[in-house]
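To start, the structure under review is shown below, and the notes come after it.
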Amino acid sequence: VKGIGAKGLAYVRWADAEPNCSFKKFLGEGDLDRILHTLGAEQGDVVLIVADKNSVTLPVLGALRLEVGKQLELIPKDVFKFVWIVDFPFFEKDEESGEWVAMHHPFTMPKEECLQYLESDPGKVVAKAYDLTLNGT
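Under this note's numbering, read the sequence shown as residues 1 to 137, first letter to last.
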């Protein structure tokens with residue numbers, strides 16, 4: 001993951017009775033169990049974690065998801081599955097200034113039910129926009 005922008009990758013591999021965790025020495029009693037329970041992880045699962053700003057973690061984990069799917073042949077080549085993506089955040093916080101900035105072009109508008117949050121809580125505002133995605137890409 002370092003080649004695609006992350007500083008590193010933490011993992012939990014739960015193949016045997018006890019999970020193998022790359023960061024266990026940093027956890028307190030019961031922390032790993034709580035993490036696995038919160039994520040719904042079960043024996044046989046692998047949990048991959050990238051910690052950074054959203055602008056780093058989201059594209060890195062997306063690329064990692066696609067690469068793992070490709071290597072494990074989890075993505076059928078002859079199946080086409082579409083999904084509509086809705087409720088995009090309208091604003092994001094600029095990492096340098098801390099100000100809320102628009103995430104979309106100027107012709108995108110917020111959903112009407114979110115207008116009440118424009119001034120008080122911009123992070124709650126979602127765009128009246130959609131995207132069509134094929135096979136998760």
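Beta carbons: idealized from backbone N, C-alpha and C, even for Gly.
All values derive from a computational prediction rather than experimental measurement.
Margin query: Along the chain, where does the beta strand (DSSP E) containing A102 start, and where does it finish?
Written below: Under the DSSP assignment, A102 falls in the beta strand (DSSP E) whose first and last residues are W100 to A102.
Notebook entry, point to check: Quick one: Cα of F189 to Cα of E18, how far?
Noted result: Beyond the ends of the chain as shown, which are 1 and 137, falls residue 189; an answer cannot be given.
Next item on the list: Have a look at the DSSP bridge pairing and note the partners of E67.
Entry: For E67, which the question treats as bridged, DSSP gives no partner whatsoever.
Check: What's the call for A10, buried or exposed, on a 16-neighbour Cβ count within 10 Å?
Finding: Taking all protein chains shown into account, A10 has fewer than 16 neighbouring C-beta atoms within 10 Å of its C-beta and is therefore exposed.
Next item on the list: Return the CA-CA distance between R13 and V50, expressed in angstroms with no decimal places.
Entry: Cα-Cα distance, rounded: 15 Å.
Next item on the list: Compute the Euclidean distance between the alpha carbons of P59 and E29, then round it to the nearest angstrom.
Entry: Answer to the nearest angstrom: the Cα atoms are 32 Å apart.
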